[in-house]
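Chemist:
In our numbering, the protein residues as written are 545 to 676.
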């Protein structure tokens, strides 16, 4: 499975490849919600829609592409496109339109709070087709 994630640049991709650290921690750090696998989304549009609708913390964010088997655990935010991957490869993608897309989708949400996650994914996919 291939997935995309955004994380702080300082974290490094080597951390994602270590089976002992391939866990997804919830934002509230509730240990009962820890899941096996690295969180991400299968498409850039899903990832951008997720970021446009959730408060996510990264001081110096980078886009990372991970590939590996899918975890058997159920992601906490599965309804927002989250998947859990046990990465065998991970690479930072420097040249990407994801930041512009996230900004665009965030502005749309600010203008219209009735937009759903699925609508944002569709809008994001169309935007990517037009702007790639």
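Glycine included, every Cβ here is placed at the ideal spot set by N, Cα and C.
Report, in whole angstroms, the separation of the C-beta atoms of residue 582 and residue 629, which I expect to be a contact under 8 angstroms.
Modeler: 5 angstroms
Chemist: Relative to the C-alpha of residue 609, which residue among 627, 619, 599 is closest?
Modeler: Of 627, 619, 599, the residue nearest in Cα terms is 627.
Chemist: Tell me whether residue 637 sits in a helix, a strand or coil according to DSSP, three-state version.
Modeler: strand
Chemist: Whose C-beta lies closer than 7 angstroms to the C-beta of residue 646 among residues of the same chain, with five residues either side of it excluded?
Modeler: 592, 595, 596
Chemist: From the DSSP output, in three-state form, read off residue 611 for me.
Modeler: strand
Chemist: Tell whether a beta-carbon distance below 9 angstroms holds between residue 598 and residue 621.
Modeler: yes
Chemist: May I ask you to list the residues that DSSP assigns as paired with residue 625?
Modeler: Looking at the DSSP assignment, residue 625 forms no beta bridge with any residue, so it has no partner.
Chemist: Got a sec? Which residues, its chain only, sit under 8 angstroms from residue 561 by beta carbon, not counting five neighbours each side?
Modeler: Excluding residues within five positions, the ones whose Cβ falls inside 8 angstroms are 631, 632, 633, 634.
Chemist: Just to confirm before moving on: does the CB-CB distance between residue 636 and residue 552 stay below 9 angstroms?
Modeler: For the 9 angstroms CB-CB criterion, residue 636 and residue 552 do not form a contact.
Chemist: Would you mind listing the beta strand (DSSP E) stretches within the region 567-620 that are 3+ residues and don't spill past its ends, in chain order?
Modeler: 582-585, 605-611
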